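Participant: Letter 15 of the sequence shown, counting from 1, is numbered 623 in my numbering, and no numbers are missing.
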Amino acid sequence: MKRRETGIVTEYAQLTDDIFRLVVRCEAAMSAVPGQFCNLYMKDSGHLLPRPISICHIDTKASELTFVYRVVGEGTKAFSKLDTGATIDLLGPLGNGFTPIDAVHPVLVGGGVGVPPMLGLAQAMEGKCTVVLGYRTAETFLLEEFEKTGATVVIATDDGSHGTHGTVVDAIRENDIDLDVIYSCGPKPMLRALKALAEEKNIPCYVSMEERMACGVGACLGCVCETKDVDDHSKVHNKRICKDGPVFEAREVIL
Ligand SMILES: Cc1cc2nc3c(=O)[nH]c(=O)nc-3n(C[C@H](O)[C@H](O)[C@H](O)COP(=O)(O)OP(=O)(O)OC[C@H]3O[C@@H](n4cnc5c(N)ncnc54)[C@H](O)[C@@H]3O)c2cc1C
Ligand code: FES
609 MKRRETGIVT
619 EYAQLTDDIF
629 RLVVRCEAAM
639 SAVPGQFCNL
649 YMKDSGHLLP
659 RPISICHIDT
669 KASELTFVYR
679 VVGEGTKAFS
689 KLDTGATIDL
699 LGPLGNGFTP
709 IDAVHPVLVG
719 GGVGVPPMLG
729 LAQAMEGKCT
739 VVLGYRTAET
749 FLLEEFEKTG
759 ATVVIATDDG
769 SHGTHGTVVD
779 AIRENDIDLD
789 VIYSCGPKPM
799 LRALKALAEE
809 KNIPCYVSME
819 ERMACGVGAC
829 LGCVCETKDV
839 DDHSKVHNKR
849 ICKDGPVFEA
859 REVIL
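(1) Taking the alpha-carbon positions, what's the T668 to Y620 distance?
(2) According to the Cβ coordinates, are H770 and I780 closer than 7 Å?
(3) If you draw a straight line from the C-alpha of T624 to the C-alpha of K843, how long is it?
(4) Which word fits N810, buried or exposed, when buried means at least 16 other C-beta atoms lie within 10 angstroms of its C-beta?
(5) Starting from S662 and walking both ways along the beta strand (DSSP E), at which residues does that stretch end?
(6) Is it a yes or a no for the stretch 772-779 touching the stretch 701-716, going by three-plus beta-carbon pairs under 8 Å?
(7) I want to check one thing, is the minimum distance from the CB of T692 to the heavy atoms of ligand 1 below 6 Å?
(8) Expressed to the nearest angstrom, what Euclidean distance is found between the alpha-carbon atoms of F801 and V861?
(9) Taking its Cβ as the centre, do 16 or more other Cβ atoms sit within 10 Å of S639, making it buried, or is it exposed?
(10) Between V832 and the rest of its own chain, which residues show a CB-CB distance below 8 Å, the 5 nearest in sequence each way excluded?
(11) Counting by C-beta, which residues lie closer than 7 Å to a heavy atom of ligand 2, in chain order?
(12) Identify the residues that DSSP records as bridge partners of H665: which are they?
(13) Can you tell me whether I709 is buried or exposed, with buried defined as 16 or more other CB within 10 angstroms of its CB?
(14) Start and end of the alpha helix (DSSP H) containing Q731?
(15) Figure out for me which residue from T614, D778, V632, T707 has the closest Cα to the Cα of Q644.
(16) Is the separation between the beta-carbon of G853 and that of M817 shorter than 7 Å?
(17) Apply the 10 Å Cβ neighbour rule to E672 and answer buried if 16 or more other Cβ atoms are within range, or exposed otherwise.
(18) Quick check on this structure: which residue in G722, V789, E682 has the alpha carbon closest to the alpha carbon of E857?
(19) Would you say L716 and F675 are within 7 Å of each other, going by their C-beta atoms?
(20) Leaving out the 5 sequence neighbours to the left and right, which residues in its chain are closer than 7 Å to A637 when beta-carbon positions are compared?
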């Protein structure tokens, strides 16, 4: 049973206009794997629901987790005001994370706020992978950290100001990237396009879904996604993203 704990902010940085990095010393770091997430709580007792944020980097030596997030509303705005030395309540690590399979040409794909969780996976793979990152503009984030892993890094931007002008799938095709398994996190249309690409190439594709959540621990069914098979437990075509995911084999879920 995971327990809510109080972590200490050991580092804080603003990476772009609206993207922030928070490093938190916490017990959760000792058992986390790439692709899992934590529920972060706001101090204001008026906001009881936590905000799920993916684990970007795991440092077991320092017992620290790094989170990288975009400010979109009250919760993420409150986190962006925390500074070094502040405390933050969190619950985690939650969800199932990525399980790398044997492959010659693994390709990691991140889009928007789906970029951060792919860093931990690239680090766990010691850079033996190709990373394709999709951003809105040339105002990228975490690029240096991905390059440091030794992975080949390819960029796509919506406005064409850096790398391929278009989607991550356009970048894969334009750069003729070899691939025999895809690991991905990002907006649904991106995951849908990667699922179609994987079907075309007949390769496995793992998608991490960052849908809206409520409890984040499997209790409220507020985060179900439609699945191909009937769930053993509920007997319906549904799975809970927070508990059964957020990572699924793309063929399992209807995107
Ligand atoms: C498993 C998981 C991992 C996540 N990891 C990250 C991460 O690493 N970095 C990051 O920046 N964000 C991540 N998110 C999204 C993040 O949880 C939301 O952006 C956050 O909860 C918004 O809280 P808020 O109080 O700031 O905004 P709110 O006031 O709750 O919402 C502000 C606006 O954002 C929209 N919104 C809120 N949540 C989501 C969502 N999940 N998807 C799309 N739109 C949403 C709302 O509809 C609203 O328009 C993740 C979500 C999940 C489920
Ligand atoms: S958010 Fe409550 S079951 Fe997933």
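Just so it is clear, CB atoms sit at the ideal spot from N, CA and C, and this is done for glycine as well.
Model, not experiment: these values are computed from the prediction.
Facilitator: Per the coordinate set shown:
(1) 18 Å
(2) no
(3) 45 Å
(4) exposed
(5) Annotation: the continuous beta strand (DSSP E) that includes S662 extends over 659-662.
(6) no
(7) no
(8) Reading off the sequence, residue 801 comes out as Ala, not Phe. About 13 Å.
(9) The residue is exposed, with fewer than 16 neighbouring Cβ atoms inside 10 Å.
(10) N846, K847, R848, I849
(11) M821, A822, C823, G824, V825, G826, A827, C828, L829, G830, C831, R848, I849, C850, K851
(12) T674
(13) exposed
(14) 724-732
(15) T707
(16) yes
(17) buried
(18) Out of G722, V789, E682, V789 has the C-alpha closest to the C-alpha of E857.
(19) no
(20) I666, D667, T668, S671, E672, L673
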